[in-house]
């Protein structure tokens, strides 16, 4: 059994606000715009129990057709290359709107080797990649990056370095515990 865990990430930048309907402009629901000069980009990444699989830059606002392109052009080729003999490759995704969109469900229906596991909504502790990404941004990507190319190089190098260290230690047990939780859903 093999698991791939794709996820989207934003290194720095604006955070979202959850609010009740009709309260958009109330002061507690408005984020102030700050132009700090920071360099930021969004990245989509996937990994398996064997280490990092693929990472690529994405648009900040992703929609179903955008995600289908990533599935088709990035995830699927990388998964098949890594596991050419596997009959089924299991995929863990969170329940974001993009992952549940009709176009993405149709894509998975047309690619039966990739099997999505059920994932309860709003439970990031079940997604191994969420935890790895938070470690990466906290420990491996300090400030001082001046341009987009520098950021891209640092993200990819940090991603690979983090997996080299983490998958050899306690995080392997963590992955097993997460998979047991997901399978029992």
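In UniProt numbering, the protein residues as written are 1 to 185.
Ideal Cβ placement from N, Cα and C applies to all residues, glycine included.
Would you mind reading off the limits of the beta strand (DSSP E) that contains residue i?
| i | result |
| --- | --- |
| residue 52 | 51 to 58 |
| residue 43 | 42 to 48 |
| residue 91 | 89 to 91 |
| residue 116 | 114 to 116 |
Taking a contact to mean a Cβ-Cβ separation below 9 angstroms, would you say residue i touches residue j in this structure?
| i | j | result |
| --- | --- | --- |
| residue 87 | residue 119 | no |
| residue 83 | residue 111 | no |
| residue 58 | residue 48 | no |
| residue 104 | residue 64 | yes |
| residue 71 | residue 107 | yes |
| residue 79 | residue 46 | yes |
| residue 156 | residue 55 | yes |
Which first and last residues belong to the alpha helix (DSSP H) in which residue i is found?
| i | result |
| --- | --- |
| residue 98 | 97 to 100 |
| residue 67 | 64 to 70 |
| residue 82 | 76 to 82 |
Counting only beta-carbon separations shorter than 9 angstroms, does residue i have a partner in chain C?
| i | result |
| --- | --- |
| residue 99 | Among the protein chains of the structure shown there is no chain C, as only one such chain exists. |
List the whole-angstrom C-beta distance separating residue i from residue j, where the pair is believed to meet the contact cut-off of C-beta under 8 angstroms.
| i | j | result |
| --- | --- | --- |
| residue 89 | residue 113 | 6 angstroms |
| residue 27 | residue 160 | Not quite, the Cβ-Cβ distance comes to about 43 angstroms (not below 8 angstroms), so this is no contact. |
| residue 62 | residue 98 | 5 angstroms |
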